[in-house]
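Chains as they are written, first to last, in the numbering used here: chain A, 1 to 751; chain B, 1001 to 1613; chain C, 2001 to 2293.
Note that beta-carbon positions come from the ideal geometry of N, C-alpha and C, so glycine has one too.
Remember, predicted model here, so these are calculated numbers, not experimental data.
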Amino acid sequence: MDHYRLPHQHFKCGNALNGAPCPLGPLGGRCSRSHSDASNEPSCRPIRTLRWWSRSIQLATTLIALVGVSLAWSNIGGKNAIAPGALSRSHAQLLVSTQHTANPDLAIDSENRCAACHSELDGSVLSTAAAKQSDLCLKCHSQDMPDASHGSPHDLHGRALEELIEREDRTIVASSWTKFIKHASYDWKAAPTECSQCHREHQGASHNLQEMTSERCQACHRNPFQSFATDHPEFKNYPYGQTNSIEFDHVKHRDLHYSKKGTSFYCKTCHTQSDQVGAVGQVFRSVSFEKACASCHTEPIKSAIQDGLIVLQIPSINRNELLVSGTDIGDWPKQASLLTDGVIPPIMRMLIESEPGGAALLSELPASGRLVELEPTNEQHRDTLLKLTATTKQLFRKLANEGQRGLRSSVEKLVTTHGSTSRDQTRLQSSPWLDQLANGLPPDLFRAAWIEWFDDSRKTPVISQSGVLEPNAMRPTAARLSSTIRHSDDDLLGGSGSLLAPKDDDLLNSDPNSLLKPQEADLPQSAAFKDPRAWDQLAFGGWMIDRQRMAIVYIPRGHADEWLSRWIELEEMRSRSRDASRNSAPLDKIELAKQCRQCHSLQTSLATLSSPLSPLSPLSPLSPSSETMRPTDWSVAFRRANTNSVNAYTISEDILAVANVSSACWRSKKRPANLRQITKFDHTPHLTLPSISDCRTCHQLLDTDPVQSAPNEFAPMQKSQCASCHQPKAAGDSCTQCHNYHVGTVGWNAR
Amino acid sequence: MRTPSTDQVAVERPVRWDHPLDRDMLNRDIQWMLKAPPFSEMNADVFPSHGSLEDLIRHDSRILRYEPGDIVVREGDYGGSAYLVLRGSVRAFLESLWQPRGKPSDASRHTRWTEWLSRRFNPYRKTLIPSNRGNRRGRSRSGTQTANADKKRSIPIQQVEVAEGRNRIFLQDINAVIDGFESEPLGMGEIFGEMAAITRSQHRYTVVAETPTVILEIRWQGLRMMRRDQSFREYLDNRFRETSLQTHLRETPLLRFLDDEAMAIVIKETIIQSLGEREWFSEYRDSQMLDVQTQIAKEPVIAAECQAVKDLILIRAGFARLSFEQGRGHQTVAYLGRGHVFGLSELAHRFRNPTSTPLPYQESLRALGFIDILRIPSKIVLSHIIPKIRSSELPKPIANPRYTSEGLVVSTFLPRSSLGNVVSAEETLTKLETSLVEFLVDERLINGQQTMLIDLDRCTGCDECIKACAATHNGTPRFVRNGPQFGPLLFAHACMHCADPVCMIGCPTGAIARDQDSGVISIDSQTCIGCKTCAESCPYDNIVMVQVRDKQGRTAVDRKTQLPILQASKCDMCHELKTGPACQNACPHQALFRIDTSETAPLEQLLSRRALT
Amino acid sequence: MIPATQVQTRSSAKSVRQLQTAVGRVCRRAMPIAFVLVAWLTLRSVRNQSAASLQNEAFVTGYSLAAICVLLMLLGVRKRMVAVALGSLSIWQKTHHYLGVFCVGAYSLHAGFFTTGWFESALAVNFWAIALSGIVGWYVNHTSPRLLRAAGSQVLRQDIQERSKHIASQAYELALVAAGNNNSAALADHYRDGLSRFFTTRRSWIYRLSPTGSKRRRLMSDLENVDRYLGEEGRTQRRKMSSLVQAKDDLDFQRAIQNRMRLWASAHTWVLGSFLVLAIVHIVVAHRFTSAW
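Printed below as a string of structure tokens:
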């Protein structure tokens, strides 16, 4: 052993190869002999040891790393270098494409597109002031989830959230160790939820940003939840228990009607519509009348409506008795002068009500509504009759002279009396709903009726104490008439075409000029035309004079007649607005409406529609949330005047404003597809499976004859039905498969 | 005259006696001592001019003053000096004052569980050399205790206090101790501790100052010079027989039950003999060139096999090879160290059956290097010693002898190695495979007490050990990861801190010295003059001359000659570290151990553990 | 007979000790592995926990990973401080190994096995470089020493070069001597034709990657074939030459294996610096760009 071998030397003596290393060894990479000329031996070229190499490699790699990092920070490499991974497809293309956008604060320049989501990159890298990332997300996403900015559970807040949390706390199972182990509670109040907590970006282009593990749901929903089959609560009457405005008795149809007709009772004929997609796929609660019901229901409706709807009817009054008792009601058609009898039809009653003092008059009329009960001997009754006749003439005169405007104005009165507190004239003026109520009324029909029944120009004027038409008073009347004729003439020409056909011959025989000719007034007429029957000539609906019933009759246009439905709505809410005592008067019920109400339960629809939408009902995972309405339209239209009395409904401004709103209460309620709810379901994938492609596998009709009280004739679905397929290994049972986190849509939390 | 370059620094070349034992020796004292015996009897002519007697006293000695009860020399310590009583008197205790020195109980408990821990982590961790080696002395102690248990006495208590700069260690109630223990007084002009000093061994006895005493301490370098004087040498030898031999015999376990007159006879009859060169390493070097058989042939024979047993042989110091003729060569059975006895089993056999013809020596004993032995004639042994030996301690009878009085026994059914006596070689010795024993002996590794052993089945050559070593010795390691190799065992070139440290022999300045407590031999860089003596005398090439560097790593060169200044460097067991040798701690693969190869037990344990894990 | 009984007792004692140590070894190996496993499972559950509470689980795993890396690097620190009592290095090394395994486990929890993104990929590459080099290094260190023992007595790596030079010169001189003599000239020729290259040049890359004894065997047999052209002293020289070939081959083998060991050991540290840099930047970036936490 001649010398020690020094460890961790970077160099070793070059002479070692010759077997004669100098004991001192190289100093700092140079031969020690080159330092001191103490020895004259030749200096060597020191050899680099492995240690030297590895040391230099270490330095090199470190240097490379430093340079690379600095490049990444500087814009040379672009900030993308430090991105942990590729963006998901949607975001990636978005970031690139939205360089030129109308909205300046959505503009992204491709250099630092990172700043679009990372506000840290706005300023210097180490600037601490940074906008919250979620706000940046919502720059683009606020349209479909405006409330996400609150960072509250399910984007809910206010009462909705409270109810949700209450419900969650109620359903929490008493502490179990699993809860202790695996469910950490997430205090959203302390730190509002951020988008990036669940939606992890930079996971590669194909990464699904929306996928979320069930554990994460458990951060708030603390019930130990292992699998759908074991831990999910049982359904409550899912998906039924939702009252519908169209009552359809499946059992009866299947057992009686279809079997009678010998046609097969097949769900998909009525419930699927291949050309559009709804919230639950291509399956709908109901399809159009034409598609589903028309085949059977057109005829009955036709036969029901052929007698038409009496708008104005001249009550028959024993004129002579009145004359005897010294009361003259003036001109009165002799057909209606024999005896006092008849009933005031509901629409006429409404019109009367709209007249000054009409409400009082109606109250004076007998409760049964039958005029027979009015005794001419009775002073008061005579007075009533007098008023009645006067009002009747007044109505005729009004409709004849002012025509549709007159009708509208009187309806307006009704609305303002029964309607909401709003006295906003302009709104009343511009209410399409009111327009539709007055729509299509032919004034000259009334005029013709007037001339036929009340015009006594040829007769000698009768002196009477009161309410007498002076003969000379007729002229101006006639002149006024002629003027109105002309006026209403072009009114007709520009009027609704539906009435043109019947009106033409009306025009002929009720030509005012011909009216001026005295004697050849009726004979040739009666000779020339036989008295028309409604169902002969007005097969497709319209207005006519019914000379037998002494009435102006409207014949609806089959199913879903606009004018009629408007008036039924009016009647409905008028009856609602009345106080309970007189509410149930059959007199005010429109007879025809019965037909409609067979299928259209206006009551329930109004009730459900108008009740303020409970946020919990669609949100709670337990509620039958498959059928819900948008929070707008009827519920808003018919708003509770006071929450105590359920039936006290009043018209609000909105119905006046929105034209087609009211029609919603006729139609079956459709859930809007764009509304995100807690529970989601799509029929499409299920129906593709042959095993369950038959609707009845899930929706089983209860064969027991359903009592009308129970809304659902179907057996409620059991969880086990879903759980049979939705297993972890099979169809999957993650929370997000059936439940949305972000619920609602624009204005969801408005109230 | 060139100017030294930046990486060198010019210094004075150190010379001998730069660092005398005592700087302020007064001339007056020296002169006075020269006039008093024993120095007055020496003739100054035998001393060379550069190292006159006066210089010796001036540089290699110092004057110490002791109060009554002060401990001058403590048994078990490694002696570096001889002591001459100048005034007053001291007491030398012929028997042990203490049980084998141990730490206080609480400390021991502490060490015990730390030991436990360390053994959990590192099963090969070994403690340093105990300051009194070997269990034999321990046994002897207990023996002595029981021998005179009738005497009512208490273990003397040492106390330490600091007086004039150095801390004096003294015995409480010295008189009681003197009454309690057998001791002999030493008066003016008497010398003690010289044997330990010369043989570089431990002090056998404790010496305590009885009265206020003045003592001249002479370190062994000086003492060696003084031995040049004839009369002084004889004086020392005589003194040895009187004191040291008795102590030694008393400590020999075999003789511990001898009564005094028997002991006296034994002492009278015993022959002191020392064989081999004191500086054995040089001829060992030469003989290494030769093949093994001739080497063995050259080794001086102490007792030859197949010869009548003349006397019982006790080994006082050094090592001896126990071998028998195998074919044309010699097969080494074992090596015997200090305290071993040879020939007892043959004598016991003769004692057991006196009628039959006595057996000759079954093996032959050869001196390895320098060895001190005592020969006790067989008749004394048979008459006085063996009767006093517990039968349980007697060696087992020789079942099938290798030699009888007729000569060689040709045994067909037993290997020769299983013949002969297996007693003088203790059980442990026979466990090591012969080849390893021979290897150890041939390489003289039997000398090592802290031999660095590297398990080549584990060592990956990561040099962590060397790095650690270099780190602890500012940048320069103190060993080379290479050396004699036996199978998977590599005996690295690191100082073994030998039982017989021949390296210490030549050192002119005493720079290389053995630490009294730990037994670690280290070189004092202050006093080393780079004379290469130790490096050359080390038979194992474990001392390397290195260039002296200062902290900046600049090499020191001589002011005058501008030649680099060398110094001897060797492993110092990192004695300034608490953690023990850094190399062993630094080995990541548990491949490096320091073990005591002068005994075989540690090596066996190691090998068995290695074989199993 | 006493020796026999002694042998028996000794052997039985030995077998007992064998059993004990075998059990001990199993425990020594099994316990840390169990520890690692438990630690990994714990970390995993903690990660899931934080994920379930809508936190970013990457931070939990990431910081534990960082902590582990720091612990791993402490080994290097420990190697540099020898004077301090920190327990023997072998314990540190073992801990380092098991901790390293755990580190890979933690990494898989943190980043998975495939990484996207430039920066992250660079970091991952560094990590894997370090981890794999460590594993391979461990294997090499574990197996090589026994290989080395097969190839003669050990030679210090520093000395190999000069040793081989020495051997080469010996061979050369031997050849010179042989050339001088008529009935050993064939040996010299053989040396000139084939052996000289073997002695003077380093071995091929293939050999250095996976050293085999095939070439040595070929050379040896060739040498022996030369015998027929040699006289008596020529044969002795030939034997010397063979032994030299043997020595040279052993030396080459030693060199290859030792270099392999050292290389893997140092390769473990090559990208350490860059790994540190990237890791720190990674932490900063993670904190900067993960809003909402």
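By a beta-carbon distance limit of 8 Å, Arg2157/C contacts Gln2258/C. Their separation comes to about 5 Å.
Between Asp1515/B and His1473/B, the gap from beta carbon to beta carbon reaches 8 Å or more. For Arg1256/B and Arg1250/B, the gap between their C-alpha atoms comes out near 6 Å. Contact of Arg5/A with chain B by beta-carbon distance below 9 Å involves Asp1463, Ile1466, Pro1477, Val1480, Arg1481, Asn1482. By the Cβ-count criterion, Gly326/A is exposed, with fewer than 16 other Cβ atoms from all chains shown falling within 10 Å of its own Cβ.
Considering only beta carbons, the part of the region 1441–1460 of chain B lying closer than 7 Å to chain C consists of Leu1456, Asp1457, Arg1458, Cys1459, Thr1460, in chain order. By the neighbour-count definition (other C-beta atoms within 10 Å, threshold 16), Met1289/B is an exposed residue. Annotation: Cβ neighbours of Pro2145/C in chain B (cutoff 9 Å, chain order): Asp1455, Leu1456, Asp1457, Arg1458, Cys1459, Thr1460, Gly1461, Pro1488, His1589, Ala1591.
Between the region 1442–1457 of chain B and the region 1578–1595 of chain B, the count of C-beta pairs closer than 8 Å reaches three or more; the two stretches touch.
Nearest CB-CB separation between Ala1334/B and chain C: not below the 8 Å threshold. Sequence-ordered contacts of the region 1568–1589 of chain B with chain A are nonexistent [C-beta pairs closer than 7 Å].
Contact of Asn2259/C with chain B by beta-carbon distance below 7 Å is absent, the smallest such distance being about 10 Å. Under the criterion of beta carbons closer than 8 Å, Phe1486/B and Leu1436/B qualify as touching, at roughly 6 Å. In the structure shown, Gln1331/B falls within a strand segment according to DSSP collapsed to helix, strand and coil.
Taking 8 Å as the cut-off, the beta carbon of Ala723/A is found no closer than this to the beta carbon of Phe235/A. In this structure Met2031/C is exposed. Its beta-carbon is surrounded by fewer than 16 other beta-carbon atoms within 10 angstroms. Within the same chain, Cβ atoms closer than 8 Å to the Cβ of Thr1579/B are found at Asn1585, the five residues on either side in sequence being excluded. Selection Glu290/A, Gln143/A, Arg349/A evaluated against Thr389/A yields Arg349/A as nearest (Cα-Cα). Contact with chain C is found for Ile64/A, since one of that chain's Cβ atoms lies less than 8 Å from the residue's Cβ. The beta carbon of Ala304/A is closer than 8 Å to those of Leu592, Gln595 in its chain, skipping five residues each way along the sequence. Spatial neighbours of Met550/A in its own chain (CB-CB distance under 8 Å, excluding positions within 5 residues in sequence) are listed in chain order as Gln313, Ile314, Ser316, Pro333, Gln335, Ala336, Trp453. Ranking Ala292/A, Thr272/A, Phe289/A, Glu290/A by CA distance to the CA of Val283/A puts Thr272/A first. Counted as a single uninterrupted DSSP element, the alpha helix (DSSP H) harbouring Tyr2139/C occupies residues 2118–2150. Taken atom to atom, the span from the alpha-carbon of Pro26/A to that of Val1548/B is near 16 Å.
Trp73/A and Gly2137/C have their alpha carbons spaced roughly 35 Å apart. Counting only residues of its own chain and dropping the five nearest sequence neighbours on each side, Trp2092/C has a CB closer than 7 Å to the CB of Leu2075, Arg2078.
Within the region 2157–2187 of chain C, contact with chain B at the beta-carbon level (separation under 9 Å) is assigned to Arg2157, Asp2159. With its beta carbon less than 8 Å from one in chain C, Gln218/A belongs to the interface. Under the criterion of beta carbons closer than 8 Å, Leu1347/B and Tyr1335/B do not qualify as touching, at roughly 21 Å.
Assignment of Ser1061/B by DSSP, reduced to helix, strand and coil, places it in the strand class.
Judged by DSSP in its simplified three-state form, Ala359/A adopts helix.
Exclusion of the five residues before and after Ala715/A leaves Gln700, Leu702 as the residues of its chain whose Cβ lies within less than 6 Å of its Cβ.
Gln1326/B is bridged by DSSP to Gly1329/B. Taking a C-beta cut-off of 7 Å against chain C, the contacting residues of the region 80–94 of chain A are Ala81, Ile82, Ala83, Pro84, Gly85, Ala86, listed in chain order. Judged by DSSP in its simplified three-state form, Met544/A adopts strand. Secondary structure note for Gln1362/B: it is in no alpha helix (DSSP H), with a DSSP letter that is neither H nor E.
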